[in-house]
Amino acid sequence: MAEVAYCMKCKKKTDMKETQEVTMKNGRKALKGKCTVCGTGMYKILGK
Ligand SMILES: [Zn+2]
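As structure tokens, this is what we get:
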């Protein structure tokens, strides 16, 4: 499943691979994955 998220390193939105749903310390859910372009770890906060 390809998700699009903002990559801090590429400074643009890229496809995210190896996505995995995680719950952050504040209880909010996020998707964690890697940028398909540079491999940097990235997060996408899931909506309200
Ligand atoms: Zn990137």
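Under this note's numbering, the first residue of the sequence shown carries the number -7, and numbering increases by one thereafter.
A virtual CB, placed ideally from N, CA and C, is assigned to each residue, including glycine.
Computed from a predicted model, the values in this text were never measured in an experiment.
DSSP on residue i, reduced to helix/strand/coil?
{"i": "L38", "result": "coil"}
{"i": "C2", "result": "coil"}
{"i": "K24", "result": "strand"}
{"i": "T11", "result": "strand"}
Would you call residue i buried or exposed, if buried means 16 or more other Cβ atoms sit within 10 Å of its Cβ?
{"i": "T15", "result": "exposed"}
{"i": "G25", "result": "buried"}
{"i": "A(-6)", "result": "exposed"}
Can you determine whether any heavy atom of ligand 1 sits closer than 7 Å to the C-beta of residue i, and answer yes or no?
{"i": "V49", "result": "The chain is shown only over -7 to 40; residue 49 falls outside these bounds and no answer can be derived."}
Cβ contact check for the stretch -1 to 15 and the stretch 31 to 39: 3 or more pairs under 8 Å: yes
Residues passing the C-beta test against ligand 1 heavy atoms, cut-off 6 Å: C(-1), K1, C2, T6, C27, V29, C30 and T32
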